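Below you'll find the structure, written out as structure tokens, and then a few comments.
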Amino acid sequence: EKGWEEIEADGIYSLNLGSFHESIQQGESSKPTCIPYLHSPNTVVSSASTSDTSASPLITSSPSVSKIEDLLRRSLDLRISNIPSHSQAVSSQIPASLAVLFSGGLDCTLLARLSHDTLDPSQPIDLLNVAFENPRVHRRPANADSDEPWSPFELCPDLITGRASFAELQTTCPSRTWRFVAINVPYQEFLTHRTEVISLIYPHNTEMDLSIASALYFASRGQGVVLSESQEATSYTSEARVLLSGLGADELFGGYTRHDTAFRRHGFTGLLEELNLDVERLGKRNLGRDDRVLSNWARETRFPFLDEDLVSWAVNAPVWERCGFGEDQTTLDSETGTLEPAKKVLRCLAWKLGMKNVAAEKKRAIQFGARTAKMEVGKSKGTHTIA
Numbered sequence: 001e002k003g004w005e006e007i008e009a010d011g012i013y014s015l016n017l018g019s020f021h022e023s024i025q026q027g028e029s030s031k032p033t034c035i036p037y038l039h040s041p042n043t044v045v046s047s048a049s050t051s052d053t054s055a056s057p058l059i060t061s062s063p064s065v066s067k068i069e070d071l072l073r074r075s076l077d078l079r080i081s082n083i084p085s086h087s088q089a090v091s092s093q094i095p096a097s098l099a100v101l102f103s104g105g106l107d108c109t110l111l112a113r114l115s116h117d118t119l120d121p122s123q124p125i126d127l128l129n130v131a132f133e134n135p136r137v138h139r140r141p142a143n144a145d146s147d148e149p150w151s152p153f154e155l156c157p158d159l160i161t162g163r164a165s166f167a168e169l170q171t172t173c174p175s176r177t178w179r180f181v182a183i184n185v186p187y188q189e190f191l192t193h194r195t196e197v198i199s200l201i202y203p204h205n206t207e208m209d210l211s212i213a214s215a216l217y218f219a220s221r222g223q224g225v226v227l228s229e230s231q232e233a234t235s236y237t238s239e240a241r242v243l244l245s246g247l248g249a250d251e252l253f254g255g256y257t258r259h260d261t262a263f264r265r266h267g268f269t270g271l272l273e274e275l276n277l278d279v280e281r282l283g284k285r286n287l288g289r290d291d292r293v294l295s296n297w298a299r300e301t302r303f304p305f306l307d308e309d310l311v312s313w314a315v316n317a318p319v320w321e322r323c324g325f326g327e328d329q330t331t332l333d334s335e336t337g338t339l340e341p342a343k344k345v346l347r348c349l350a351w352k353l354g355m356k357n358v359a360a361e362k363k364r365a366i367q368f369g370a371r372t373a374k375m376e377v378g379k380s381k382g383t384h385t386i387a
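To convert, note that position 359 of the sequence shown is 359 in full-length UniProt numbering; the numbers rise steadily by one, no gaps.
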């Protein structure tokens with residue numbers, strides 16, 4: 001039986017409740033009317049942005065690096081400056097009002113670093129890092145001592161990266177209380193919640209949807225462990241009601257492998273077409289699905305990279321001001337020239353803010369970093385419908 005459908009993020013939809021009531025009584029479906037948005041004269045692909053000539057390399061002093069820093073600071077100021085603090089602590093720790101969905105990658109760590117400059121210095125920031133036990137890839141090494149403690153979570157790339165970026169944040173911003181919350185999800189616990197996640201992501205129904213949503217579901221639950229100064233693990237549940245997500249950075253600044261492929265095949269024109277496509281389908285592919293999953297735990301997720309002013313600047317800026325594809329290799333900076341071209345403007349900003357390891361961090365999809373991809377035994381692809 002066909003259920004409800006998502007609407008496109010392409011206008012304002014209205015529904016005549018009178019005819020809607022009649023259609024329900026007659027067992028018929030009722031379609032809303034769409035009033036499309038007026039299109040801006042500015043477009044993602046501009047004639048000035050499609051030249052295939054070599055571009056000047058992005059460096060920390062590039063105007064676009066200063067511009068994106070200003071836009072991100074404004075975006076974060078709007079989204080986290082007035083979060084209500086907890087009136088009463090339930091433990092000896094000061095409860096966090098803000099948490100970051102934290103893989104340790106470039107986008108989320110940059111948000112955490114800039115949030116430090118905006119949020120009240122007395123407020124801790126929770127870093128929610130999720131890792132899964134995946135029976136397809138997590139097996140005890142054959143040469144491991146059976147008496148030695150062994151954890152499948154330690155093999156998760158996002159846990160390793162998360163700890164490294166957590167340490168860099170502590171070094172860069174030592175006055176802030178950063179709380180790294182390790183959310184380790186056993187396979188059986190994933191199975192217990194699997195049906196609920198499938199229900200939340202509907203009408204999305206592919207294995208990839210489930211993989212991505214599972215990571216977001218458990219991360220936003222906020223239940224994990226934190227290490228004390230004496231390195232003692234303590235159970236912890238984040239009380240933050242506002243979460244930050246780095247969604248949108250890859251789509252705006254060329255973070256996916258397909259962006260590199262598009263540039264190599266078709267130059268700046270092909271790259272811009274791919275970026276344009278990604279931005280246009282964000283609402284349909286990600287936002288509805290992710291919002292239903294993340295809000296399940298009575299938390300609100302905010303997306304600083306999707307700020308209206310930031311998006312407007314990004315989609316109208318020359319593509320070489322956003323990423324480093326096509327840079328003149330003979331004029332690369334001796335330091336930032338080693339950074340990969342994907343999202344290079346963000347990498348230069350991270351470098352400028354003192355996070356050189358984060359600036360060099362490679363892109364890794366959430367389902368592979370948290371090890372939620374292909375959790376089920378048997379052959380499956382991300383595009384396959386959930387069984």
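Beta carbons are placed, not taken as given, at the ideal position from N, Cα and C, and that holds for glycine.
All of these numbers come straight from a predicted model, not from anything done at the bench.
8 Å contact criterion, which residue i and residue j should meet: CB distance rounded
| i | j | result |
| --- | --- | --- |
| K352 | G255 | K352 to G255, Cβ: 19 Å. No contact. |
| F303 | L247 | 5 Å |
| S319 | F268 | Here residue 319 turns out to be Val, not Ser, going by the sequence shown. Contact holds; Cβ gap of about 6 Å. |
| L271 | F325 | 6 Å |
| L346 | D126 | L346 to D126, Cβ: 22 Å. No contact. |
| L111 | L244 | 5 Å |
| F102 | N82 | Incorrect: roughly 22 Å between the Cβ atoms, too far for contact. |
| A262 | E274 | 4 Å |
| L210 | I386 | 6 Å |
| E6 | K284 | 7 Å |
6 Å Cβ shell around residue i - same chain, five flanking residues per side excluded
| i | result |
| --- | --- |
| T33 | S14 |
| E361 | G105 and L106 |
| T237 | G222 and Q223 |
| P341 | C323, G324 and F325 |
Where residue i falls: helix, strand or coil (DSSP)
| i | result |
| --- | --- |
| R281 | coil |
| L101 | strand |
| A359 | helix |
| I35 | strand |
| G11 | strand |
| I386 | coil |
| R302 | strand |
| A342 | coil |
| W297 | helix |
| T261 | helix |
| A213 | helix |
| G270 | helix |
| F325 | coil |
| G224 | strand |
| N82 | coil |
Own chain residues within Cβ distance below 7 Å of residue i, not counting five before or after
| i | result |
| --- | --- |
| H86 | P95, S97 and E239 |
| L114 | L72, R73 and L76 |
| A233 | V225 and L227 |
| T60 | T336, C348, W351 and K352 |
| F153 | A131, E133, L159 and N184 |
| S235 | V225 |
| A175 | Residue identity differs from the one stated: residue 175 is Ser in this sequence, not Ala. The answer, listed in chain order, is P121. |
| L282 | G248 and E251 |
Assigned exposure category for residue i - 16 Cβ within 10 Å defines buried
| i | result |
| --- | --- |
| residue 412 | Past the boundaries of the shown model lies residue 412; the chain is included only from 1 to 387, so the question cannot be answered. |
| A298 | exposed |
| R322 | buried |
| E196 | exposed |
| Q123 | buried |
| D250 | buried |
| T301 | buried |
| A99 | buried |
| H21 | exposed |
| W178 | buried |
| I212 | buried |
Cut-off 8 Å between Cβ atoms - residues of its own chain near residue i, not counting five sequence neighbours on either side
| i | result |
| --- | --- |
| V65 | L58, I59, V345, C348, L349 and K352 |
Legend entry - Segment contact, 8 Å Cβ cut-off, at least three pairs: the segment 181-189 with the segment 210-227: A contact is defined here as three or more CB-CB pairs under 8 Å, and the segment 181-189 meets this definition with respect to the segment 210-227.
Legend entry - the segment 186-201 / the segment 287-295 touching (three or more Cβ pairs under 8 Å): yes
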